[in-house]
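Below: one structure, written as structure tokens.
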Amino acid sequence: MSKTATPIKKNELVTIQFEDMTHEGNGVGKINGYPIFVPNVIPGEIAKVKAIKVKKNFAIGKLIELEHVSPERVDPPCDVYLQCGGCQLQHMSYQLQLEMKQKQVENALKKIGHIQHVKVEPTIGMEDPWRYRNKVQIPVGEKAGELITGFYRQKSHDIIEGMDRCIITSEVNDRMVEAVRAIASKLGISAYDEQTHRGILRHIMVRTGENTGQTMIVLVTRTNELPHKKKLIEQLTQNFPSITSIMQSVNQERTNVILGRRTKCLWGKEYIYDTIGEIKFAISAKSFYQVNPTQTKALYDKTLAFANLTGGETVIDAYCGIGTISLFLAERAKKVYGVEIVPEAIEDAKQNAKLNGIRNTEFVVGQAEKVMPWWTAQGLKPDVIVVDPPRKGCDEALLQAMLQMKPDRIVYVSCNPSTLARDLQILEDGGYQTQKVQPVDMFPQTAHVETLVKLQRRYP
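Take the sequence shown: its position 37, counted from the start at 1, is 37 in UniProt numbering, and no numbers get skipped.
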């Protein structure tokens with residue numbers, strides 16, 4: 001075989017045994033060391049697959065037939081599981097999902113961060129890993145003069161028809177989406193058409209407060225005006241007393257971004273409320289608020305345990321969002337400083353502190369990597385830094401700012417094991433030791449995993 005030849009050709013059928021999984025939840029099989037990635041298979045299974053894409057170093061295959069089935073395989077309860085792609089792991093037992101996520105974190109730490117001295121704890125899972133999402137955003141389309149709603153088919157913008165439920169979102173959200181669709185359709189409100197950039201209703205977003213029962217509906221429209229809005233509001237609020245807020249988000253751009261720049265209140269309040277533990281949060285249409293409240297509580301409890309606060313500490317919460325972690329920390333710290341680049345989030349954080357009567361917090365708008373050196377220049381010396389960055393991880397300048405502040409402990413909350421491992425290596429080289437690693441399953445049935453890490457400063 002030449003250096004450029006591959007052991008498999010496009011459209012070729014092969015039978016292989018699967019031995020591993022990718023971080024995206026695809027099975028990994030090999031032919032003479034050449035990897036083939038196939039969705040919907042499990043390690044230990046033997047399957048006939050078709051090569052649909054062949055590259056120099058790997059191939060992507062499609063499952064044709066299972067010849068040996070893993071005992072960990074289960075029947076996906078979702079009717080559109082294979083079409084949608086929003087959940088990648090419904091064909092696995094929940095225990096295997098948790099083990100896969102633990103292994104995903106272990107592999108990233110070893111291969112990317114070269115961190116092998118710490119044990120990765122078993123993933124914290126849910127008792128009932130279904131119906132956990134408190135927020136849903138559903139695109140709207142049109143067929144035969146009627147509105148249709150449903151998620152997009154994988155790798156397309158074609159709406160999956162006949163999709164009347166999503167079993168990882170709350171049943172309230174399902175009912176709300178269906179009600180808005182049915183009423184808007186009867187009233188003759190048109191769906192937005194991406195091709196022509198005409199029509200009105202683009203998306204229906206629903207947010208629910210799991211512990212308060214409050215519901216917000218956000219109607220995303222191309223137009224400033226929403227036809228028949230009075231009748232739409234009347235029918236919704238009369239039939240569903242849990243609705244406390246109806247908002248309109250105007251998005252006039254040709255874009256995949258769902259919410260527009262302008263949001264207005266059509267009925268009720270601009271916020272709904274929810275609680276995590278003893279703390280109450282006001283949630284607006286644009287607020288970043290964790291979609292799984294049950295696991296958020298588990299995550300924050302572990303954050304507090306890793307921070308090991310005794311009441312006298314000064315804490316910095318980088319990427320603080322609307323102050324969710326900050327307010328938990330403030331209950332046990334002397335002072336908490338939060339920094340976030342989104343001005344609206346900081347306003348929400350300040351309001352949430354006020355709402356809970358918490359006075360030992362200070363929230364600042366700005367880039368953490370710029371604000372933190374300024375805080376250092378002002379003489380601020382944190383005992384603990386908590387950082388919860390986006391998927392791309394921490395900016396190099398932020399990591400250096402953290403190292404210069406020399407806190408006793410760093411608690412790193414990550415939604416991406418790869419960038420987490422990269423950043424941990426920099427922090428370890430800068431004088432910190434990774435002491436505890438705890439994966440948390442925030443998104444059951446999907447390949448995503450949240451990870452919590454405690455780092456302790458090494459003293460000479």
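In this text, a Cβ means the ideal position worked out from N, Cα and C, and glycines have one as well.
Taking a 10 Å sphere around the C-beta of residue 254, we find fewer than 16 other C-beta atoms and assign the residue as exposed. Within the model, the alpha-carbon separation for residue 210 versus residue 424 is close to 34 Å. Residue 268 and residue 245 do touch by the CB rule: their CB atoms are close to 4 Å apart, below 8 Å. For the pair residue 361 and residue 105, the Cα-to-Cα distance works out to about 33 Å.
Here residue 136 has 169, 173 and 206 as same chain residues with Cβ atoms under 6 Å from its own Cβ, once five neighbours each way along the sequence are excluded. Fewer than three pairs of CB atoms, one per stretch, sit closer than 8 Å, so the stretch 142 to 159 makes no contact with the stretch 62 to 76. In the three-state DSSP reduction, residue 455 falls in the strand class (E or B). Proximity of the stretch 380 to 391 to the stretch 74 to 83 falls short of the contact definition, fewer than three beta-carbon pairs being nearer than 8 Å.
The beta-bridge partner set that DSSP reports for residue 274 consists of 281. By a beta-carbon distance limit of 8 Å, residue 176 does not contact residue 218. Their separation comes to about 10 Å.
Per the DSSP secondary-structure output, residue 338 pairs in a beta bridge with 317 and 363.
Of all C-beta pairs linking the stretch 349 to 358 to the stretch 317 to 334, three or more are shorter than 8 Å, placing the two stretches in contact. Distances from the alpha-carbon of residue 195 to those of 13, 289 and 141 put 141 closest. With a cutoff of 8 Å on beta-carbon distance, residue 417 and residue 376 are scored as not near each other. A check of alpha carbon separations from residue 33 across 228, 54, 7 and 341 identifies 7 as the nearest.
Residues 416 and 419 of the same chain have their beta carbon placed closer than 8 Å to that of residue 392, with the five preceding and five following residues left out of the count. DSSP, reduced to helix, strand and coil, places residue 195 outside both helices and strands of the structure shown, so it counts as coil.
In chain order, 29 place their CB closer than 6 Å to the CB of residue 16, counting only its own chain and leaving out the 5 sequence neighbours on each side. Bounds of the beta strand (DSSP E) holding residue 59 are 59 to 68. Within the same chain, and ignoring the five residues on either side of residue 97 in sequence, the residues whose Cβ sits closer than 6 Å to its Cβ are 89.
DSSP places residue 429 within a helical segment (H, G or I) once states are collapsed to three. Counting C-beta atoms within 10 angstroms of its own C-beta, residue 459 has fewer than 16 neighbours from the protein chains shown and is therefore classed as exposed.
By the Cβ rule, the stretch 365 to 374 counts as touching the stretch 397 to 408, because three or more pairs are nearer than 8 Å. About 5 Å separates the beta carbon of residue 411 from that of residue 306, a gap short enough to meet the 8 Å contact definition. Under the three-state reduction of DSSP, residue 418 is assigned to helix. Beta-carbon to beta-carbon, residue 122 and residue 102 are separated by about 6 Å, close enough to satisfy the 8 Å threshold.
Beta-bridge analysis with DSSP links residue 265 to 247. When the Cα atoms are used, residue 312 and residue 380 turn out to be separated by approximately 14 Å.
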